[in-house]
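Data block below; observations after.
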Amino acid sequence: MNYIHALENYINNSPLFIQVLWSFCFVLLFIFILLVFLHSSLRGSLRKKEAIKKKYSEKYETLLIQYLYSEEVSEQQKIVRLLNRDSGNNFKRNSIVNTLIKLKDEISGELEVAILKLYDDLNLDTFAISKLKSKNPFRMINGIRQLNIFHVKSVHAKILEHVNHEDRLVRKEVQLYLVKLFQFEGLFFLDKLEAPLSEWNQIQLLEILKKFDNQDIPDVTAWLKSTNKFVVLFALKLVRVYNLYEKEKSLIDLLSHEDQKVRLETIITATHLQQLSIKSVIISKFEDISLEEQIAFLNFLKIAYEPAEVDFIHTHIYHTDFDIKRIALDLLKSNHKELYDSLDCNSEDKDFMKILNFMNA
Amino acid sequence: MEVILLKILDIFLFIFVMYTFSVVSSYIILGIISTKETVSYFKKNSFVNYKNIMSSEDSPSISIIAPAYNESLNVVENVRSLLSNHYVNYDVIIVNDGSKDDSLEKLIAAYDLEKIDYLLNEQIPTQPLREGVFKSKNPAFAKLIVVDKENGGKSDALNVGLNISTSKYVACIDVDCLLLEDALQKLVKPFLEVTDSKVIATGGVIRIANSCVIKNGKMLEINFPKKMIVRTQILEYLRAFLLGRMAWSRLNGLLVISGAFGMFDRKIAVDVGGYDVKTVGEDMEIIVRMRRVMEEKKIKYRVFFIPDPLCWTEAPESYKILISQRNRWTRGTIETLKKHRKMGLNPKYGKLGMISLPYWFIYERMAPLIEVVGLIYFIVLIYMGGVHWEYAITFFFLAYLFTVLFSLLAIFTEEMTYNEYKKKGVGFKMILTILLEPFLLHPVILYAAVRGNFDYYFNKNKKWGVMVRTGLKKEDS
Numbered sequence: 001m002n003y004i005h006a007l008e009n010y011i012n013n014s015p016l017f018i019q020v021l022w023s024f025c026f027v028l029l030f031i032f033i034l035l036v037f038l039h040s041s042l043r044g045s046l047r048k049k050e051a052i053k054k055k056y057s058e059k060y061e062t063l064l065i066q067y068l069y070s071e072e073v074s075e076q077q078k079i080v081r082l083l084n085r086d087s088g089n090n091f092k093r094n095s096i097v098n099t100l101i102k103l104k105d106e107i108s109g110e111l112e113v114a115i116l117k118l119y120d121d122l123n124l125d126t127f128a129i130s131k132l133k134s135k136n137p138f139r140m141i142n143g144i145r146q147l148n149i150f151h152v153k154s155v156h157a158k159i160l161e162h163v164n165h166e167d168r169l170v171r172k173e174v175q176l177y178l179v180k181l182f183q184f185e186g187l188f189f190l191d192k193l194e195a196p197l198s199e200w201n202q203i204q205l206l207e208i209l210k211k212f213d214n215q216d217i218p219d220v221t222a223w224l225k226s227t228n229k230f231v232v233l234f235a236l237k238l239v240r241v242y243n244l245y246e247k248e249k250s251l252i253d254l255l256s257h258e259d260q261k262v263r264l265e266t267i268i269t270a271t272h273l274q275q276l277s278i279k280s281v282i283i284s285k286f287e288d289i290s291l292e293e294q295i296a297f298l299n300f301l302k303i304a305y306e307p308a309e310v311d312f313i314h315t316h317i318y319h320t321d322f323d324i325k326r327i328a329l330d331l332l333k334s335n336h337k338e339l340y341d342s343l344d345c346n347s348e349d350k351d352f353m354k355i356l357n358f359m360n361a
Numbered sequence: 362m363e364v365i366l367l368k369i370l371d372i373f374l375f376i377f378v379m380y381t382f383s384v385v386s387s388y389i390i391l392g393i394i395s396t397k398e399t400v401s402y403f404k405k406n407s408f409v410n411y412k413n414i415m416s417s418e419d420s421p422s423i424s425i426i427a428p429a430y431n432e433s434l435n436v437v438e439n440v441r442s443l444l445s446n447h448y449v450n451y452d453v454i455i456v457n458d459g460s461k462d463d464s465l466e467k468l469i470a471a472y473d474l475e476k477i478d479y480l481l482n483e484q485i486p487t488q489p490l491r492e493g494v495f496k497s498k499n500p501a502f503a504k505l506i507v508v509d510k511e512n513g514g515k516s517d518a519l520n521v522g523l524n525i526s527t528s529k530y531v532a533c534i535d536v537d538c539l540l541l542e543d544a545l546q547k548l549v550k551p552f553l554e555v556t557d558s559k560v561i562a563t564g565g566v567i568r569i570a571n572s573c574v575i576k577n578g579k580m581l582e583i584n585f586p587k588k589m590i591v592r593t594q595i596l597e598y599l600r601a602f603l604l605g606r607m608a609w610s611r612l613n614g615l616l617v618i619s620g621a622f623g624m625f626d627r628k629i630a631v632d633v634g635g636y637d638v639k640t641v642g643e644d645m646e647i648i649v650r651m652r653r654v655m656e657e658k659k660i661k662y663r664v665f666f667i668p669d670p671l672c673w674t675e676a677p678e679s680y681k682i683l684i685s686q687r688n689r690w691t692r693g694t695i696e697t698l699k700k701h702r703k704m705g706l707n708p709k710y711g712k713l714g715m716i717s718l719p720y721w722f723i724y725e726r727m728a729p730l731i732e733v734v735g736l737i738y739f740i741v742l743i744y745m746g747g748v749h750w751e752y753a754i755t756f757f758f759l760a761y762l763f764t765v766l767f768s769l770l771a772i773f774t775e776e777m778t779y780n781e782y783k784k785k786g787v788g789f790k791m792i793l794t795i796l797l798e799p800f801l802l803h804p805v806i807l808y809a810a811v812r813g814n815f816d817y818y819f820n821k822n823k824k825w826g827v828m829v830r831t832g833l834k835k836e837d838s
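Residue numbers (the numbering used here), protein chains in the order written: chain G, 1 to 361; chain A, 362 to 838.
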């Protein structure tokens with residue numbers, strides 16, 4: 001007690017500034033002690049939460065498996081009543097939904113249909129739909145994701161309203177919903193899309209589309225002409241993946257697109273489809289296009305070379321870019337051996353000599 | 362005379378007080394931004410499906426470049442770990458940087474390698490190849506390329522990797538790091554997701570794997586180490602990554618991506634000339650240079666930081682090695698800041714010139730020197746009998762409490778997001794580490810930084826120093 005008294009005396013007799021500093025110290029010390037206890041309780045509660053989650057997940061998994069494999073309607077009804085009762089509670093409802101998602105991922109066929117029906121019977125979709133009105137993007141995403149997983153098609157018009165949502169994660173979820181549930185028809189969101197469509201989303205959408213049995217792709221011409229460059233880029237990927245040879249005219253038009261990425265993607269697509277008609281267009285303006293486009297075009301020539309292009313190739317064997325030089329020399333060697341053999345082997349261009357020596361080795 | 366001396370001491374006092382105040386304020390601001398950003402990242406990414414990206418043939422190509430120097434002991438297993446990534450469109454380029462041991466022979470035997478003819482486009486000048494380029498005859502290891510070259514240092518080896526790679530992106534890592542299977546898709550995500558600016562680089566958190574259990578390149582068990590020197594480094598890393606770099610990433614002012622784990626747009630990295638072989642801080646230097654070029658070209662760009670625990674590495678377990686490592690980091694920082702000093706406080710370079718570089722100069726470059734001057738000042742005051750002990754003790758308590766509270770914030774961020782140290786009893790050990798770290802680690806780091814400054818100015822020949830590794834704890838497969 002004497003120490004505390006002495007400390008109190010010391011502080012009281014100290015200058016005001018020291019008193020203020022000590023007050024700060026005591027506040028920080030108090031916060032520290034509080035946080036240490038909080039930390040301990042946080043760790044405990046995280047562990048507890050995980051255990052409770054596990055407990056309920058196991059409980060609902062058992063019940064759902066019973067429901068799925070039961071042949072007695074009364075038993076199924078009993079389980080539905082139990083789940084219905086629990087779904088009134090937020091935590092339990094989330095646990096039920098998560099378990100349904102987990103099971104749905106593991107099964108298929110009739111059992112999957114039964115899970116979708118159960119989701120419907122429990123009216124869980126109403127909770128998901130209510131999230132669509134939320135201002136919190138994470139809640140919205142959660143809702144759309146759930147409606148997607150449980151094939152709730154009836155709300156597609158409401159979801160389509162968010163196709164240009166300011167939050168890119170919401171937009172992504174809308175796109176995934178539409179394409180997963182409506183397959184190629186779902187792609188018509190591209191008509192309305194004004195916001196960017198990232199490369200990440202494009203790959204996701206393509207992978208989903210590839211999994212469908214029905215591979216009848218709708219007409220992509222309008223998307224190739226879209227004013228949204230991201231839609232054009234995605235449409236070009238569709239042309240490539242689905243070998244849409246009839247889009248030659250659109251591809252030629254896109255070679256004059258203002259965006260360099262679109263032009264490059266067009267050349268890559270034309271290469272994939274071996275659209276020979278683009279060659280003359282590119283050759284005529286080869287010096288005006290970017291280096292990436294030039295390299296992409298020469299790679300195209302590697303698979304679609306015609307002897308008439310010898311002059312074009314010959315003019316590029318001394319190009320300043322290593323890759324262009326290498327491809328040009330390679331084409332020359334493979335198609336015009338005599339001309340290749342007549343090349344000056346004492347050039348001062350180090351890269352040229354390096355490539356030549358490598359090819360002659 | 363005495364009056365002048367007292368005046369000087371007063372000026373010093375003012376500088377120290379202002380410096381401390383600004384340090385504390387900046388830490389508070391960065392801490393708040395970081396915590397918000399980490400939690401937001403964690404929330405946003407809990408919805409992401411990585412499966413489609415990793416299995417898609419349309420995903421962009423990535424090369425993992427891993428320089429190796431005298432890594433014979435673990436190189437075969439480390440390469441196996443790199444080859445077990447789940448991403449489809451990637452290759453692994455191991456650059457054997459003139460190792461004097463049998464690393465190459467071991468790799469040839471383990472992966473059935475054969476020498477191939479390879480036309481190397483030397484976009485960045487490097488040391489010449491020694492044995493050449495190797496690929497595996499076994500299709501199971503088709504993704505592996507081994508390059509054997511004359512010794513030229515880590516930067517030179519990375520540059521060879523940049524020359525060899527034909528991928529759109531390159532992930533530069535330390536060969537002894539454990540990369541989790543989903544590391545590539547998480548690191549490449551910002552490159553594919555951002556549509557309004559060019560992403561030039563992404564970096565990830567480095568976690569400390571000492572005492573963790575690893576099997577077949579997979580993390581089986583995460584343990585909090587027994588050695589206090591490692592524990593304090595874990596705390597330091599959490600603070601730096603979760604409370605520092607996340608904020609700088611949010612502000613688009615990040616200057617460092619750890620050399621142990623970072624991804625770059627290959628074309629941009631090559632265009633700026635690759636890694637600087639003259640610096641020991643090549644990881645910081647390349648980022649600053651890439652940013653500088655983007656600023657000069659007036660291209661809108663971003664550098665991202667990913668807080669997911671994707672890359673695990675071994676931390677020094679001895680003070681000698683720790684000092685050598687931090688000495689190198691200090692010299693690297695000095696070299697980079699000196700090389701790019703033109704950008705400092707230059708409005709032409711935007712945030713980079715006006716915020717990031719000045720911050721780095723004042724609070725990273727100068728911090729150890731100011732601290733040492735402060736200590737000398739304090740000793741002079743003691744000698745002159747000019748210490749107001751009641752003030753000194755109070756300030757000491759305040760500084761200590763602030764430090765531990767800041768560390769606690771880092772621990773809270775970790776617990777609320779990734780919560781990697783779940784085992785019972787670890788919480789207490791963490792708190793103990795927080796309380797002891799200012800006395801156990803900080804003086805060592807300060808000493809290393811001062812040595813780094815000394816070596817930079819008076820021992821120019823000093824380069825990397827040796828990192829002796831004990832090897833991560835691995836379970837037999």
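The C-beta atom is built at its ideal place from N, Cα and C for all residues, glycine as well. Since the model is a prediction, treat every value here as computed from it, not as a measurement.
Item                                                                                                                        : Value
Nearest candidate by alpha-carbon position, reference A/Ala562, set A/Lys821, A/Arg689 and A/Tyr662                         : A/Tyr662
Cβ neighbour criterion (16 or more within 10 Å) applied to G/His39                                                          : buried
Sequence-distant residues of the same chain with beta carbon closer than 6 Å to A/Val437, five excluded per side            : Lys467 and Ala471
Per-residue burial, A/Phe819 [other beta carbons within 10 Å of its own, 16 or more giving buried]                          : exposed
Assigned secondary structure, A/Ser516 (DSSP; H/G/I helix, E/B strand, else coil)                                           : helix
Where the beta strand (DSSP E) containing A/Pro668 begins and where it ends                                                 : Tyr662 to Thr674
Members of the segment 762-778 of chain A near chain G, C-beta cut-off 8 Å                                                  : Leu762, Phe763, Val765, Leu766, Leu769, Ile772, Phe773, Glu776 and Met777
Contact set for A/Asp557: own chain, Cβ-Cβ below 8 Å, skip 5 residues either direction                                      : Lys661
Residues that DSSP places opposite A/Pro428 in a beta bridge                                                                : A/Val456
One or two residues paired with A/Gly565 in a DSSP bridge                                                                   : A/Ile667
Complete runs of the alpha helix (DSSP H) confined to the segment 234-309 of chain G [at least 4 residues]                  : 248-254, 260-273, 278-284 and 291-304
Interface residues of chain A facing G/Trp22 [CB-CB closer than 7 Å]                                                        : Thr755
Where G/Val73 falls, given that 16 or more other Cβ within 10 Å makes a residue buried                                      : exposed
Enclosing alpha helix (DSSP H) for G/Lys225 [first to last residue]                                                         : Here G/Lys225 belongs to no alpha helix (DSSP H), and DSSP marks it neither H nor E.
8 Å Cβ cut-off: residues of chain G touching A/Asn520                                                                       : Ordered by position in chain G, no residue passes the 8 Å Cβ test against A/Asn520, which lies about 15 Å from the chain.
Any C-beta of chain A under 8 Å from that of G/Gln183                                                                       : no
Chain-ordered residues of the segment 326-347 of chain G with a beta carbon less than 8 Å from chain A                      : Arg326
C-beta atoms of A/Asp535 and A/Ala621 nearer than 8 Å                                                                       : yes
Residue environment, G/Thr99, which counts as buried when at least 16 other CB atoms sit within 10 Å                        : buried
G/Gln19 versus A/Val449, A/Thr755, A/Thr691 and A/Leu698, residue with shortest Cα-Cα distance                              : A/Thr755
In chain order, each alpha helix (DSSP H) run of at least 4 residues that lies wholly inside the segment 624-663 of chain A : 627-632 and 643-658
A/Asp473 - DSSP class collapsed to helix/strand/coil                                                                        : coil
contact_flag[the segment 639-646 of chain A, the segment 372-391 of chain A] where n(CB pairs < 8 Å) is 3 or more           : no
Residues near G/Thr271 by beta carbon distance below 6 Å, same chain, minus five either side                                : Phe300
Cβ-based burial, A/Ile365 [other Cβ within 10 Å; buried from 16]                                                            : exposed
The segment 326-334 of chain G contacting the segment 292-309 of chain G, beta-carbon criterion three pairs below 8 Å       : yes
Own chain partners of A/Glu483 with C-beta closer than 7 Å, once the 5 adjacent residues on each side are dropped           : Asn524
Cβ pair count under 8 Å reaching 3, the segment 445-456 of chain A against the segment 414-426 of chain A                   : yes
Best match in G/Tyr3, G/Ala6, G/Leu21 and G/Phe37 for proximity to A/Leu769 [C-alpha to C-alpha]                            : G/Phe37
Cα-Cα separation between G/Leu356 and G/Cys345, rounded to whole angstroms                                                  : 8 Å
Buried versus exposed, by CB contacts within 10 Å (16 or more), A/Tyr817                                                    : buried
N- and C-terminal bounds of the alpha helix (DSSP H) containing A/Ile618                                                    : First-last for A/Ile618: undefined, no H or E at that position.
Short Cβ contact (8 Å threshold) for A/Leu603 with A/Pro551                                                                 : no
Bridge partner(s) assigned by DSSP for A/Cys533                                                                             : A/Ile426 and A/Gly623
Rounded straight-line distance, which links the Cα of G/Gln204 to that of G/Leu224                                          : 19 Å
Buried versus exposed call for A/Gly565 [16 or more other C-beta atoms within 10 Å across all chains shown]                 : buried
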